[in-house]
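Right, one structure below, let's go through it.
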Amino acid sequence: MRLRFPRHDLHALAGAYALDALDSQAERDRFARHLSRCPSCAAEIRGFHEVATQLAFAVTAEPPPGLRDQVLTAAARTRQLPPEVSRHRAHARPPRAVPWVPWLSGAVALASIAAAVFFGLAQSHAQDQLSQARAQNQALAAVLSAPQVKVLSQVSTKGGTAVVVLAAERRELAVVTTGLPALPAGRVYQLWLIGKTKIVSAGLLPPASNGQTPAVLATGLVKGDTLGLTVEPAPGSAQPTTKPIVALALPV
Amino acid sequence: MNPSDSDASKLESADTDRRGGQELDYLLVHVARGDTDAFEGLYDRLVGPVYGVIRRVLRDPSQSEEVTQEVLLEVWRTAARYDPAVGGAATWVMTIAHRRAIDRIRSTTAAAGREQRSAEVHTPHDEVAEAVEASLDRERVRRCLEGLTEVQRESITLAYYGGYTYRQVSDLLKVTLGAIKTRIRDGLIRMRDCLGVS
Chain G
-11 MRLRFPRHDL HALAGAYALD ALDSQAERDR FARHLSRCPS CAAEIRGFHE VATQLAFAVT
49 AEPPPGLRDQ VLTAAARTRQ LPPEVSRHRA HARPPRAVPW VPWLSGAVAL ASIAAAVFFG
109 LAQSHAQDQL SQARAQNQAL AAVLSAPQVK VLSQVSTKGG TAVVVLAAER RELAVVTTGL
169 PALPAGRVYQ LWLIGKTKIV SAGLLPPASN GQTPAVLATG LVKGDTLGLT VEPAPGSAQP
229 TTKPIVALAL PV
Chain D
50 MNPSDSDASK LESADTDRRG GQELDYLLVH VARGDTDAFE GLYDRLVGPV YGVIRRVLRD
110 PSQSEEVTQE VLLEVWRTAA RYDPAVGGAA TWVMTIAHRR AIDRIRSTTA AAGREQRSAE
170 VHTPHDEVAE AVEASLDRER VRRCLEGLTE VQRESITLAY YGGYTYRQVS DLLKVTLGAI
230 KTRIRDGLIR MRDCLGVS
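Taken in sequence, the protein lines are chains G and D. Number 77 in my numbering belongs to position 89 of the first sequence; there are no gaps in the numbering. Number 100 in my numbering belongs to position 51 of the second sequence; there are no gaps in the numbering.
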């Protein structure tokens, strides 16, 4: 299966890959897998990305005047992802299949949640830059492989489901969603950690592909937090402005 | 073109890039620690090319502004995941910017806008020529693009600035798929050598 094309053919796609000009997600995924096994290809892509950077600098344009304030204000109220967890740790504790889900019954429920979570991982791998995706996946792998992980899910009031893998000890969680309705332009889904005394943003849901959003990591959970999901005007709000479509109490 | 002239400017610009690049890497590392001053510095240095490339791909000013915001917030949010060993900060940011612009045109919500856009994008060479003026960056890129064959140049500009897939490029230029893949790659190799990047 993985050698559907001869390798030299795949390699010829390096240019189109670097310019985001591959034809489909499947083709991107296939090339990304090739890249992870081919250090010389990765070096070539790095060089091509630098060329692309120069192409971007060549069309530098004056941004709209209000943008600076909007971005800086939004940044000031947006939680940052923590640094990459060490590879050593992620490797030393591979995800365990069964003991994660003490109270969910049924192999089917477990399998579908695991599939949703890992599908989210696979997607984030394909969509982001490789290095970024690797780091993100390692951080998520650390959540998934933490002892005493709990899996929670809730159907949103607008349809679709949010699945949460909670590593209470690490005070971290990973969220994937499936089947949420597509939003009109200018609206985004935003995650919140709703505490007793304050509400903090846990970031925006990345764009869905095939109805699923790649896993999002939220950190710094405190006791009593509820995970909320709302629809907000882009690029997100400082505090929720609409009623949550998901509100999941976190047993931290 | 005088070869010694071109070598000299290549060296000089590579050196400028290196210093500018180190500053950006430094800023991004501080952004990762939540330093909002560093983020302002990074914003001021990179918003022009980020907005420029997104605008070039999407055309629509309000969508471009929206995607630019998303990209810069993503930079803020994921700065700790930036690995300087893998490439420079500017490249990391521009890769995110171009990807997000492409995501936007390939998503179904943008389907209508896309139709409109495709009617406009017919003369990639002229567009590049029009955009590529004043600055040294533009001058270098223009010179290097001129050093490509016509098919190499058009396929790279259609893919990168036009946001077309290589299959669409093959259609537009009436060149086989296999040839387009090769032309894009060969063209990028020439650009890389001409621009003096690693």
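Beta carbons are placed, not taken as given, at the ideal position from N, Cα and C, and that holds for glycine.
Short Cβ contact (8 Å threshold) for G:L(-2) with G:H22: Within the first sequence, numbered from 1, the residue matching residue -2 of chain G stands at position 10. Within the first sequence, numbered from 1, the residue matching residue 22 of chain G stands at position 34. Yes; because the gap between Cβ atoms is below 8 Å, this pair is in contact.
Cut-off 7 Å between Cβ atoms - residues of its own chain near D:S204, not counting five sequence neighbours on either side: Looking up residue 204 of chain D in the second sequence gives position 155. Closer than 7 Å at the Cβ level, and outside the excluded window around D:S204, lie V218, L222, I229, R232, I233, G236.
Short-range partners of chain D found in the region 25 to 50 of chain G, where Cβ spacing is below 9 Å: A30, A31, E32, R34, G35, F36, H37, E38, V39, A40, T41, Q42, L43, A44, F45, A46, V47, T48, A49, E50
Short CB-CB distance (under 8 Å) between G:V234 and chain D: On the first sequence, residue 234 of chain G is found 246 positions in, with the first residue counted as 1. By this cut-off, G:V234 is not an interface position.
Three-state secondary structure (DSSP) of G:K146: Reading the first sequence from its first residue, position 158 is the one you call residue 146 of chain G. If DSSP states are grouped into helix, strand and coil, G:K146 belongs with coil.
Given D:W125 as reference, the closest of D:V200, D:L185, D:A138, D:E114 once Cα atoms are compared: Taking the second sequence and counting its residues from 1, one reaches residue 125 of chain D at position 76. It is D:A138.
G:Q200 and G:V164 closer than 8 Å at C-beta: Here residue 200 of chain G refers to the residue found at position 212 when the first sequence is read from its first residue. Here residue 164 of chain G refers to the residue found at position 176 when the first sequence is read from its first residue. Against a cut-off of 8 Å, the Cβ pair of G:V164 and G:Q200 comes out as a contact.
Touch test, the region 152 to 160 of chain G against the region 128 to 143 of chain G, Cβ-Cβ under 8 Å, three pairs minimum: yes
Within 8 Å of chain G by C-beta, residues of the region 134 to 155 of chain D in sequence order: V135, G136, G137, A139, T140, W141, M143, T144, I145, A146, H147, R148, I151, D152
Classification of G:T14 by the beta-carbon crowding that lies within 10 angstroms, buried from 16 upward: Translated into the one-based positions of the first sequence, residue 14 of chain G becomes position 26. Residue identity differs from the one stated: residue 14 of chain G is Ala in this sequence, not Thr. G:A14 comes out exposed.
Residues bridged to D:I205 [DSSP beta-bridge criterion]: To locate residue 205 of chain D, count along the second sequence from 1; it is residue 156. Note: D:I205 sits in no beta bridge, so no partner.
D:R202 at chain G interface by Cβ criterion, 8 Å: Within the second sequence, numbered from 1, the residue matching residue 202 of chain D stands at position 153. D:R202 does not count as touching chain G.
Closer than 8 Å to chain D by CB, G:L23: The residue given as residue 23 of chain G occupies position 35 in the first sequence. Cβ-Cβ to chain D under 8 Å: no for G:L23.
Residues that G:S189 bridges to, as DSSP identifies them: As a working note, residue 189 of chain G is residue 201 in the first sequence. The partner list for G:S189 (beta bridge, DSSP) reads G:W180.
Secondary structure of G:R67, DSSP reduced to three states: Indexing the first sequence from 1 puts residue 67 of chain G at position 79. Three-state result, G:R67: coil.
Any chain A beta carbon closer than 8 Å to D:T117: Any reference to chain A falls outside this structure, whose protein chains are G and D.
Per-residue contacts from G:T66 into chain D (C-beta, under 8 Å): Residue 66 of chain G sits at position 78 when you count from the first residue of the first sequence. For G:T66, the C-beta contacts it makes with chain D under 8 Å involve L122, W125, R126, in order along the chain.
Chain-ordered neighbours of G:G147 on chain D, where CB pairs are closer than 8 Å: Taking the first residue of the first sequence as position 1, residue 147 of chain G is located at position 159. Simply none; closest approach about 17 Å.
Members of the region 83 to 108 of chain D that neighbour chain G once the beta carbon cut-off is set at 7 Å: Residues G83, T85, F88, E89, Y92, V96, G97, P98, Y100, G101, V102, R104, R105.
Residue-level contact to chain G via CB, D:R241, 8 Å cutoff: By one-based count along the second sequence, residue 241 of chain D stands at place 192. Interface residue, yes.
G:E160, DSSP secondary structure in three states: Translated into positions along the first sequence, residue 160 of chain G becomes position 172. Strand at G:E160.
Close Cβ partners of G:T218 (< 6 Å) along its chain, the five nearest in sequence each way excluded: As a position in the first sequence, residue 218 of chain G is number 230, starting the count at 1. Excluding residues within five positions, the ones whose Cβ falls inside 6 Å are Q178, P228, T230, P232.
Cβ distance (whole Å) where D:L122 is taken to contact G:P223 below 8 Å: Numbered from its first residue, the second sequence carries residue 122 of chain D at position 73. Numbered from its first residue, the first sequence carries residue 223 of chain G at position 235. Yes, they are in contact, since the Cβ atoms of D:L122 and G:P223 sit about 6 Å apart, within 8 Å.
Close-in-space but distant-in-sequence residues of the same chain around G:G208 (CB under 7 Å, 5 per side omitted): As a first step, residue 208 of chain G is located in the first sequence; it is residue number 220 there, counting from the start. For G:G208, the CB contacts under 7 Å within the same chain, skipping 5 residues up- and downstream, are R159 in chain order.
G:E50 in three-state terms, based on DSSP: In the first sequence, the residue the question calls residue 50 of chain G occupies position 62. DSSP places G:E50 in coil when its eight states are reduced to three.
Partners in chain G for D:R216, counting only beta-carbon separations shorter than 7 Å: For this step, residue 216 of chain D is matched to residue 167 along the second sequence. The contacting residues are D11.
Listed by chain order, chain G residues near D:V190 by CB distance under 8 Å: Counted from its first residue, the second sequence places residue 190 of chain D at position 141. Neighbours of D:V190 on chain G, chain order: Q42, L43, F45, A46.
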